[in-house]
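**Q**
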Amino acid sequence: MKRISVAALLLAVILPVTSNAQESQLLLRSGDYVVPDVSVKDWNTSEVIDNQYLRIIVFDEIPTNAMKDELRKYGFSLYDYLPRNAFYASVSVNADFSALNNAIVVEIEPEFKLTEILRDKNYPHWTLFGEDQIELIGAYFAPFNEDHATEQLASIGGTLVSHNAARNTMNVRVPLDQLDALYALPGFYYFETLPDEGQPENLVGRTNHRSNTLYSEYGPGLKYNGEGVTVMMQDDGAIGPHIDYTGRIDQSNCAGCSTNPANDHGDHVSGTIMGAGNLDPDNRGMANGVDLDVYNSSNNNYNLFPGLFDNDEVVITSKSYSNGCNSGYTSLARQLDQQVHDRPQLTHVFSAGNSGGDNCGYGAGAGWGNITGGHKAGKNVIAVGNLSHTDVLAGSSSRGPAEDGRIKPDICAVGSSVTSTGPDNIYFTISGTSMSCPGVSGTIAQLYHAYRDMNGGNDPDAALIKGAVLNTGEDLGNTGPDFRFGWGRINARAAYEVISNNQYIEDNVSQGATNTHTITVPAGVSELRIMTYWTDFEGSTSAAIALVNDINMTVEDPNNITHLPWLLDHSPNATALNTPATTGVDDLNNMEQVSVTDPASGTYTVSVDGFAIPEGPQNYYVVYYFIMDDVVLTFPIGGEGIVPGSNTIRWDASESATAFDLEYTTDNGATWNTIGSPNADRRYFTWVTPNVLTGQAKVRISRGAQSDESPNVFTIMQQPNGLNFEWVCPDSAKFTWNPVSGATGYEVSMLGTKYMDSIGTTTTNSFVIQIPAANDGWFSVRALGPNDARGERAVAIQKPTTEFGCLWAPPISGFSVDCPDAGVGHCFDLIDESINTTGSSTYMWYFPGGTPATSTSATPTVCYSTPGSYDVAMVVDNGFGTDSINMIGAITVLPTPGLPYFEGFENYTNFFSIDQWDTESPGNSVAFLITTQAALSGSKSAMLFNYTQSAGLTDELISGPIDLSSLNPGDEMTMSFRYAYRKRQTSNNEFLRVSVTEGCEDNWVVRKTMFGDLLSPLTATTAWYPSDTSDWTTVHMINITDNFFTGDFRMKFAFESDGGNNFFLDNINLYAGAPSDDIISGIGENSGIDNVNVYPVPTSNELNIAFGLEASEKTTIRILDLTGKQVEAHAVNGAVGNNLAILDVQSLAPGTYIVTIETVSGSVQKRFVIE
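Residue numbers for the sequence shown follow this note's numbering, beginning at 9 and rising by one.
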């Protein structure tokens, strides 16, 4: 079909709007356009892909979901929403236009596809290549793909540079003189310029954000430090080394990152998020329990979602980089909004930018509309402005609004003169929104931790957290929101109060519907804040307004007065943008707040109206917060160790004209001393803390009859200084420091797996640490005083690794065992680890129950013939003195089953309390376990719940000792096992490695490796359990060579995950001879016993044992457990031919047993199960 030209019609009616407000309009990034009165029903074959082509459909009213489904039947599939009442749509070549009624189908003209920058031909230099080439980002809808793009671009001399499937965008490069031809290509519906290469944009921070109230230092206080929460940090390279990150960073995805120490921006950001303060406790970050995943600054990292969320449990991202200057709602901003919409528990946090004085083309001149994004212009993300620790906005902090007039920044935090971590264990101080962004990221991690604790480990919706943070922000600047401070300064204490008191309502609303909710306001409230916040559907990049679903909120008070939400004037002039908010109807933002000053107590009715919900139903949160007419002290609150000198006291309070009074006590409130009288508008005060020593200090804040004080006592005390190592010996070191006046003792700490851990106390100013000279640990000390005074820990120092100043002293005895748990056949080597010993030192060892019973060797060997737990004692003399140690249960001798060996896991309930098996799962949340939900035989098997496991993790199941010494060199031996397994998706490449060792001191040797399709080509998308014998695979291994025929043989099954499904193991069988698919549980050759049958199996009452004899013989029937221990024995007179013995087994515990039939001629064994 040939398309009839409608160019004249379009020129007449698709023009920028200049008049006639009654006509339908398309509000696009390139301008506002009047919609024609007649649909374009024709199409050109060049724009058809898979029998469909792209159009815009404009409706009189937003269609419901049911109407969208109905339109699909007639050949119209709706895509992204465009204001007003329009959608991009795929139209079938066979579409029935009569189904549209009054809706208008509009052809997508080239000018519709442009941003304002492209429309005005203001091409930034970073998007130009050579003399005549330009690279742009083009957006498309499926089924358009790379092949179509390559073909269309080739027709105009262009090339496809890259494809970002996660965003449905392609980077394309064309000659500048072919731009009009590019815009006319039918496959793309929108173009934007490349973003620039982004530029990198704490005690006072913690206390100003009120982060300290969520992780207090006194016993009963809150303990929310972000533990278990994973944050993704993207910045300028690898971070560290720094001991504040110890045990909580993953840089495995930063292999190609810069390691140049000059790239320290990411180090500083990381410390603000999660630094532990191990080096200096004053420089601890917001959430010192967070796990941090480090990435470079590439925006392509966002393409790793949802995998990072689903598999690595990343719930917060933090990025302090620019992405253009007020670049509008880009394809990246849309992608991030979509990620949060699809994964509602995901929060993206950004710096607002350091371009506060720039003019980025908003229209109001320099100083407005200059947030540096791009990505931070998203609706569902958080952009953070920069404050000083006294809540003064930095001149460089970028201002709003966003390109379409929405409120930005969202929130503010301390970013000026922030001290945080640097490479090589230093701290340094810098300023910028780069520093305020991680302050919010870390504080939000604390709120996630708190929510999980109160909600069974579940993560909160990002909408709830963001709504709580915005609604409780400390109002700064103009009353209500503004384009400088956003919704104010983050207040973790207030946000936590909302979450912990369940001061929120979750619901959803559809097009045209109105929900009502009631809130009971108590007496004594100074200000009531109610915010409706929703995670909006991702917008269209070509739309002039990013908001898709428009919710309107009103609040009716007990006096039937209706309150409207705050409304800002986003007109592009400085006066309007700096004007305080009024109230009215907001059709731009995905949050609306009603604030009522001095509200009457009673019931308030919140109406939530689905004014325009093209992509519904829309979920939302109504968050409410009561600012009570009182004062709340927020620092110090108890447990702190405050050093005399300048310290900042902080508090929250309702608005009032009355000044405050500050006091302190050093005797837990018996007497109070004046600090000062801050002005009514102050919420902080610099206190010159006196040089006293007390463990019973408190601060009190008063305003008239209102007052609050530290809920617990804190300490005022000097920190130790002059930390040093007086000497370092081969096995110890002396740690010293200058005495603290009045101290009664000191607590010494050493860097552990994550934090500085206490290792001992002393009443002197020195401490001898038992540590090899080569170990370079970090150490610190704090002073202790009367009345449980506990001062602040000193800045840590690192121990030298070079020996010096070493003086000998009496010995300190100690030893270890080569293999503390081994079988009967193992002889144990004792290793002397005593301190202060020489070659002339003498020893005396005692081995009760062992052979020998005593020894004078420095490194003796002892053997035991009976399983059990054995004590070992030693006495050492070095000529300067003697010392002794008696270690209870130092050696465990395990039962050692021989051949044939069988394991069906029937006798165990778990692997934690048995000697026969051990599990290893380093860093994993799962491990091998006993399951009753699947088994090849019996009712149990070993299972690895791999369905929830992250890729790259390895779990091991390790046997106890097995005696293979009955085999002779050259004998044939088989190791058989049965497993069941499924992948989760066909691409999973998981490994099973079976290793063996001669004994506990020897290396493991891999003897079988199975992976990928060799393990199983089958998949299951849900957690899988075998349900049929055909689900199990039998493996025979005949490569257990005679060097492994020892009395301490062990085997290990190691499973390496790639995100697949569950793995099961059962019926492990070791036996002499060739492989057999039957279970080999006894040796019956030349025994004179045949036709053996044991039934029923399983049994609970009687066991029938049938057997045949070649001659009449006295016969013994024994019942053994799996360790070989005899449980029962019965003597019978066996006759020639068939015999039947019936045993009562009701007294035996459930499990697997061995029945042995013995005659003079030989014996036969069979296994059976009691249920």
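No residue lacks a Cβ here, since even glycine has one placed at the ideal position from N, Cα and C.
Short check: CB of L701 to CB of A802, under 8 Å?
**A** No.
**Q** Alpha carbon to alpha carbon, how far is S32 from E200? Give it in angstroms, no decimals.
**A** So the alpha carbons of these two residues sit roughly 26 Å apart.
**Q** With three or more beta-carbon pairs closer than 8 Å as the criterion, would you say the stretch 118–135 touches the stretch 533–546?
**A** Not touching, per the Cβ criterion.
**Q** Ignoring anything shorter than 4 residues or poking outside the stretch 168–230, list the alpha helix (DSSP H) runs there in chain order.
**A** The qualifying runs are 187–191 and 211–216.
**Q** Kindly provide the ranges of any alpha helix (DSSP H) runs that are 4 or more residues long and lie completely inside the stretch 314–349, ordered along the chain.
**A** You should have 315–318.
**Q** Kindly give me the distance between the Cβ atoms of H356 and T543, rounded to whole angstroms, as I take these residues to be in contact under 8 Å.
**A** With 8 Å as the limit, H356 and T543 do not qualify as a contact, their Cβ atoms being about 11 Å apart.
**Q** Can you check whether the CB of T642 is closer than 8 Å to the CB of D660?
**A** Closer than 8 Å, so yes.
**Q** Taking a contact to mean a Cβ-Cβ separation below 8 Å, would you say D204 touches G364 in this structure?
**A** Contact flag unset, no.
**Q** Checking 8 Å against the spacing of the C-beta atoms, do I116 and N93 come in under that value?
**A** No, these two residues do not count as a Cβ contact at 8 Å.
**Q** Nearest to I1125 by CA position, among Q1154, S1171 and L484, is which residue?
**A** Considering only alpha carbons, the answer is S1171.
**Q** Can you confirm whether the stretch 558–569 touches the stretch 612–625 when touching is taken to mean that 3 or more C-beta pairs between the two stretches lie within less than 8 Å?
**A** Touching, yes, given that three or more Cβ pairs across the two stretches are closer than 8 Å.
**Q** Could you say which of N581, I112, P1106 and D320 lies nearest to T956 if we only look at CA atoms?
**A** Taking only the C-alpha atoms, the option nearest T956 is D320.
**Q** Assign K416 to one of three DSSP states: helix, strand, or coil.
**A** The answer is coil: DSSP assigns K416 none of H, G, I, E or B.
**Q** Since P875 and V825 are thought to touch, with beta carbons under 8 Å apart, how far apart are those beta carbons, to the nearest angstrom?
**A** 16 Å between Cβ atoms; not a contact.
**Q** What are the start and end residues of the alpha helix (DSSP H) that includes M75?
**A** N73 to K81 is the span of the alpha helix (DSSP H), which, as asked, contains M75.
**Q** Below 8 Å on the Cβ atoms is my contact criterion, and I expect S718 with V639 to pass it. Report the Cβ-Cβ distance as a whole number of Å.
**A** Wrong, their Cβ atoms sit about 13 Å apart, outside the cutoff.
**Q** E143 and S38 look like a contact to me (Cβ under 8 Å); what is the Cβ gap, rounded to whole Å?
**A** Incorrect: roughly 20 Å between the Cβ atoms, too far for contact.
**Q** Answer yes if the stretch 916–936 comes into contact with the stretch 952–970, meaning at least three C-beta pairs across the two stretches below 8 Å, and no otherwise.
**A** Counting Cβ pairs under 8 Å, three or more are found: they touch.
**Q** How close, in whole Å, do the beta carbons of I507 and A471 come, if the pair is a contact with beta carbons under 8 Å?
**A** Not confirmed; about 13 Å, so no contact.
**Q** Taking the beta strand (DSSP E) that Q626 belongs to, which residues open and close that run?
**A** It spans Q626 to M636 - the beta strand (DSSP E) in which Q626 sits, taken as one unbroken run.
**Q** Using only the alpha-carbon positions, how far apart do K1174 and S873 sit?
**A** So the alpha carbons of these two residues sit roughly 27 Å apart.
**Q** Alpha carbon to alpha carbon, how far is S278 from P163? Give it in angstroms, no decimals.
**A** The amino acid occupying residue 163 in the given sequence is Ser; Pro does not appear at that position. About 48 Å.
**Q** Would you identify the three-state DSSP class for H397, choosing helix, strand or coil?
**A** Coil, per DSSP.
**Q** What's the gap between the Cα of Q141 and the Cα of G195?
**A** So the two alpha carbons sit approximately 21 Å from each other.
**Q** Would you call the stretch 1035–1053 and the stretch 850–870 in contact, with 3 or more CB pairs under 8 Å?
**A** Output reads no: the stretch 850–870 does not touch the stretch 1035–1053.
**Q** Taking all protein chains shown into account, decide if L8 is buried (16 or more other Cβ within 10 angstroms of its Cβ) or exposed.
**A** Nothing in the structure corresponds to residue 8, since the chain is present only between 9 and 1179.
**Q** Given this structure, state the Cα-to-Cα distance separating L126 from G592, to the nearest angstrom.
**A** L126 and G592: Cα-Cα distance of roughly 34 Å.
**Q** Under the three-state reduction of DSSP, which class applies to M443: helix, strand or coil?
**A** M443 falls in the helix class under three-state DSSP.
**Q** Quick one: grab the DSSP three-state call for A866.
**A** Note: A866 maps to coil in three-state DSSP.
**Q** Are the beta-carbon atoms of N309 and Q242 separated by less than 8 Å?
**A** Yes; because the gap between Cβ atoms is below 8 Å, this pair is in contact.
**Q** Does the count of Cβ pairs from the stretch 1060–1068 and the stretch 990–1010 closer than 8 Å reach three?
**A** Cβ pair count under 8 Å is three or more, so yes.
**Q** Quick one: Cα of E1118 to Cα of V1102, how far?
**A** C-alpha separation (whole angstroms): 19 Å.
**Q** Less than 8 Å between the beta carbons of V180 and G165, yes or no?
**A** Going by C-beta atoms, V180 is not nearer than 8 Å to G165.
**Q** Can you give the Cα-Cα distance for P698 and L316, rounded to whole angstroms?
**A** Straight-line Cα distance between these residues: approximately 50 Å.
**Q** Judging by CA-CA distance, which residue of E911, K1133 and Y987 is the nearest neighbour of L1073?
**A** Checked all of E911, K1133 and Y987; the closest Cα to L1073 is Y987.
**Q** Give a yes or no on contact between the stretch 381–393 and the stretch 425–435, applying the rule of three or more CB pairs nearer than 8 Å.
**A** Result no; under three Cβ-Cβ pairs closer than 8 Å.
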